[in-house]
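Here is the structure we will look at, set down as structure tokens.
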Amino acid sequence: MSVEAFRFLHASDFRLEQPLYGLTETPDHLRELLADAPLEAAARVFETAILEDVQFVVLSGDVMDPRSAGPRAISFLLEQFGLLGEQKIHVYWCGGRDDSPDRWPDDLTLPDTVHVFPTGQAKQFIHSRNEIPVATLIGTSSSDDGTVHAGEFRAEPTNRYTVAVAFGEADASSLAGHKQIDYWALGGRHRQKTLFESPQTAHYSGTPQGRCLKEDDAHGCTLVQVDPGRKARTKFIQTDVVRWRNELVALEENAGRNELQRELRSRMQRIATEASGTTVLIAWKVRAEGALVGSLRGGLSHELTDWLRTEFGRARPAAWTISLDVEANADVPEELYEEDTILGDFLRAVREHQQNDRLSLDFGSLLPDMGKNQAIRASLQSVEGEARSLLLEEAAALGTDLLQGEEAL
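Position 158 of the sequence shown, counted from 1, bears residue number 1569 in this note's numbering, the numbering being contiguous throughout.
Take a look at the structure:
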């Protein structure tokens, strides 16, 4: 069946209440930009909807937790809804983990152009243009278990394009079995991902703004063009104001400071070009051998960090170095573990913790009374999983460098 061609915008996971995090220090000249990044990225989403003249916007959950967002974020969201309404652009919103419909304040009325899917059962809306039905949208807000239950989305076959709106982890095969649904607009992943496409599509749009180093690279929203043959073409629209980036620099065996500095400069120039006007926050890992490793751990990394920040971190837009660390070398010589020295004792203690996960790494007990900042202590009381393995590898490498004496450098 043919349908009328139209466009809509798919976005999710704004998390307007959550700031960027993971920086050990915030440079003064970037402080305001970093603080405003979540709202500015969301504003770019709504601006894109207007510029692209879409029929409607689909918000697939975790837009904002009104309990912790504060008045500024709530006012911002209502203002953006109002701007869309002036252009007769409707919004279809399903709640996620943090923006369940029952959390919205009773005294704040949403515009008539904003349609919210309930929790517990799927609800259907028919979107019309000039009083002619264009698309069917069926959706439900997030379930308690955080998964998408495909069986709840029962839509009768029609000649209208059908969009399902949901939040959570989804099983691709279950979604694909619903042939009457043309596009699954999914939320709950912070990176965009397409589960399948053609003739049907299931897609996570990702967050418009990465919040930490784990959410590196570009973020944005998805523009969906539906043609008369019911085929959807998706286009990624970049909206992030600040972009996180992890960079690994692998050097030759005998490389020194000059070779490293040349490579850093070359990478920085490329990063600035690729950023296309976006501020970039970069964490460097250096893979090196020999004397350079000791020099970096002995203070050269701080010196190079200062140089990178001075050279590239104050441009507009900035390419700001967060950190410059040496990649841990897990291959500590076995004979060092057998030494009757302080180093040997240290390495044996590290290995014991590597081999026995029941031995806790409780750094919280080493801190002074934190007063109101008990969350910091709590976050250090238990280090587990991948973070634990990486920490112990780095501890073994650093201990080897420091406790072997000058000859190891």
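Even for Gly, the Cβ is constructed at its ideal location relative to N, Cα and C. Treat the numbers as computed from the prediction; the structure is a model and nothing was measured.
query	result
Cβ neighbours of H1589 in the same chain (closer than 7 Å, five flanking residues each side left out)	A1561 and F1564
Nearest neighbour of R1762, chosen from F1774, R1727 and L1801 [CA to CA]	L1801
N- and C-terminal bounds of the beta strand (DSSP E) containing W1504	H1501 to C1505
Spatial neighbours of P1683 in its chain, beta-carbon cut-off 6 Å, leaving aside the 5 residues before and after	One point to set straight first is that residue 1683 is Ala, not Pro, in the sequence displayed. Around A1683: A1730.
Cβ-based burial, I1537 [other Cβ within 10 Å; buried from 16]	exposed
Through-space distance from F1487 to L1450, alpha-carbon basis	8 Å
Boundaries (first-last residue) of the beta strand (DSSP E) holding G1796	Element bounds for G1796: not the beta strand (DSSP E) but the alpha helix (DSSP H), G1796 to L1814.
When D1510, D1473 and A1460 are compared against H1501, the one with the closest alpha-carbon	A1460
In chain order, each beta strand (DSSP E) run of at least 3 residues that lies wholly inside the region 1565 to 1617	1572 to 1578, 1594 to 1598, 1604 to 1607 and 1612 to 1615
Alpha-carbon spacing of H1440 relative to G1755, whole angstroms	46 Å
Straight-line gap, Y1503 to F1467 (C-alpha atoms, nearest Å)	8 Å
Identity of the residue in K1642, A1533 and L1489 nearest T1524 by Cα	L1489
Start-to-end residues for the alpha helix (DSSP H) that takes in W1718	S1712 to F1723
Beta-ladder partner(s) of E1658, from DSSP	W1695
As assigned by DSSP and simplified to three states, the class of P1512	helix
Selection from V1469, E1443 and A1453 that minimises the alpha carbon distance to I1485	A1453
Rounded straight-line distance, which links the Cα of R1455 to that of W1695	29 Å
P1728 (DSSP reduced to helix, strand or coil)	coil
First and last residue of the uninterrupted alpha helix (DSSP H) at Q1498	Careful: Q1498 lies outside any alpha helix (DSSP H) and carries neither H nor E.
Backbone secondary structure at H1440 - three-state DSSP	helix
Extent of the continuous alpha helix (DSSP H) to which R1644 belongs	It is not in any alpha helix (DSSP H) - R1644 instead sits in the beta strand (DSSP E) that spans A1643 to Q1649.
Identity of the residue in A1533, C1623 and A1806 nearest N1657 by Cα	C1623
Cβ contact check for the region 1597 to 1608 and the region 1573 to 1585: 3 or more pairs under 8 Å	yes
Own chain, CB closer than 8 Å to A1592, minus 5 neighbours either side, in chain order	Checking the sequence, you will find Ile at residue 1592 rather than Ala. The answer, listed in chain order, is I1549, F1564, A1566, T1573, V1574, A1575, L1586 and Q1611.
Environment of Q1532 [buried if 16+ CB atoms lie within 10 Å]	exposed
Distance, R1673 Cα to T1435 Cα	26 Å
Where the alpha helix (DSSP H) containing F1774 begins and where it ends	Segment: none, F1774 is in no alpha helix (DSSP H) and carries neither H nor E.
DSSP three-state assignment for F1536, whether helix, strand or coil	strand
Among L1521, L1420 and P1482, nearest to L1470 - alpha-carbon criterion	L1420
Sub-8 Å separation of V1414 and R1571 beta-carbons	yes
CA-to-CA distance, T1811 to E1817, given in whole angstroms	Only weak support exists for where E1817 lies, its pLDDT of 46 falling under 50; the value from the coordinates is given anyway. So the alpha carbons of these two residues sit roughly 11 Å apart.
Assigned secondary structure, H1766 (DSSP; H/G/I helix, E/B strand, else coil)	Checking the sequence shown, residue 1766 turns out to be Gln, not His. Three-state result, Q1766: helix.
Residue range of the alpha helix (DSSP H) that includes G1705	A1702 to S1706
Own chain partners of Q1649 with C-beta closer than 7 Å, once the 5 adjacent residues on each side are dropped	A1629 and G1631
Inter-residue Cα distance where the pair is A1807 and L1675	27 Å
Alpha carbon of A1686 to alpha carbon of V1545, nearest angstrom	38 Å
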